[in-house]
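Structure, as structure tokens:
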Amino acid sequence: MVEALKKHGFPGEISNTAGAYLCNNVMYHGLQYFEEQGQKVPSGFIHIPASHSLAVDRDIPSWSNADLVKGIQIAIGCL
Numbered sequence: 029m030v031e032a033l034k035k036h037g038f039p040g041e042i043s044n045t046a047g048a049y050l051c052n053n054v055m056y057h058g059l060q061y062f063e064e065q066g067q068k069v070p071s072g073f074i075h076i077p078a079s080h081s082l083a084v085d086r087d088i089p090s091w092s093n094a095d096l097v098k099g100i101q102i103a104i105g106c107l
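Residue 81 in the numbering used here sits at position 53 of the sequence shown, with consecutive numbering throughout.
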């Protein structure tokens, strides 16, 4: 996924954590659910930047809506 994103000019890197708050909670509960159902489901978590409109007046990385859509399409295409 990272290689595919970079090939199209998007930054990306591998991380071994889903974060320390909401993202981690979503990942943990999703994994727990599938384990309780006896299902082995390949899983992962992708952090994406905020959109430009959400990043207004905040010093955080952001992408245009078009770049967010394209980046997500590239990531999904790798599955």
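All C-beta atoms in this analysis are idealised placements derived from N, C-alpha and C, irrespective of residue type, glycine included.
This structure is a prediction, so every number in the text was calculated from the model and none was measured.
Whole-angstrom distance between residue j and residue i, CA atom to CA atom
i	j	result
PRO74	GLY99	One detail in the question is off: residue 74 reads as Ile in this sequence, not Pro. Rounded to the nearest angstrom, the two C-alpha atoms are 11 Å apart.
ALA46	VAL84	24 Å
VAL97	ASN52	23 Å
TRP91	HIS57	28 Å
PRO89	ILE104	21 Å
GLN67	CYS106	22 Å
PRO70	GLY37	27 Å
GLN65	LEU50	23 Å
Whole-angstrom C-beta distance between residue j and residue i, which should lie under 8 Å
i	j	result
VAL30	GLY40	4 Å
ILE102	ALA32	5 Å
Proximity winner among the options, relative to residue i (alpha-carbon distances)
i	options	result
SER81	LEU59, ALA94, LYS35 and VAL69	ALA94
PRO77	ARG86, PRO70 and SER71	ARG86
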